[in-house]
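All remarks here apply to the structure that follows.
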Amino acid sequence: MEVDERELEEDDEDDTDYEEPNGWRAAEARMNQRYEAWSNENRVFQEEARSRHEEFIRRDNEAQNRHAEYIRRDDDARIRQEVYLRSHKELMDALARWNAGGQRGPPPS
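In the UniProt record's numbering, the protein residues as written are 1 to 109.
Here is the structure:
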């Protein structure tokens with residue numbers, strides 16, 4: 001794209017339009033204000049998003065810890081139940097042997 005030399009010279013000579021209140025300086029100032037406002041809004045949005053993300057991570061970690069605790073408690077309960085059932089079975093077997101032998105009264109401890 002070729003540039004007409006006369007247009008460039010006219011642009012250089014015609015500085016009065018650029019100094020007017022509605023000229024490019026005012027437009028540039030408005031654009032800078034808009035950019036600054038957008039930048040501030042974006043910064044606030046990013047801080048809020050980061051805060052929400054950190055809160056999500058914190059809650060997720062708490063949930064994982066609770067889940068691990070539930071699993072540990074379930075395993076402990078299962079072990080206690082197995083011990084109880086094994087002891088109960090041994091006791092019932094001993095009682096059956098005692099009764100099969102014709103003895104009366106409580107079985108030996």
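Cβ coordinates follow ideal geometry from the N, Cα and C atoms, glycine included. Computed from a predicted structure; not experimentally measured.
Pull up the distance between the alpha-carbon of residue 111 and that of A96, whole angstroms please. Since the displayed the chain opens at 1 and closes at 109, residue 111 lies outside it and no answer follows.
Which value, in whole angstroms, describes the spacing of the CA atoms of E55 and F45? 15 Å
What does the Cβ neighbour count give for D15, buried or exposed, with the cut at 16 atoms within 10 Å? With a pLDDT of only 49 at D15, under the threshold of 50, the placement of this residue in the model should not be trusted; the figure read from the coordinates follows. By the neighbour-count rule (16 or more Cβ atoms within 10 Å), D15 is not buried but exposed.
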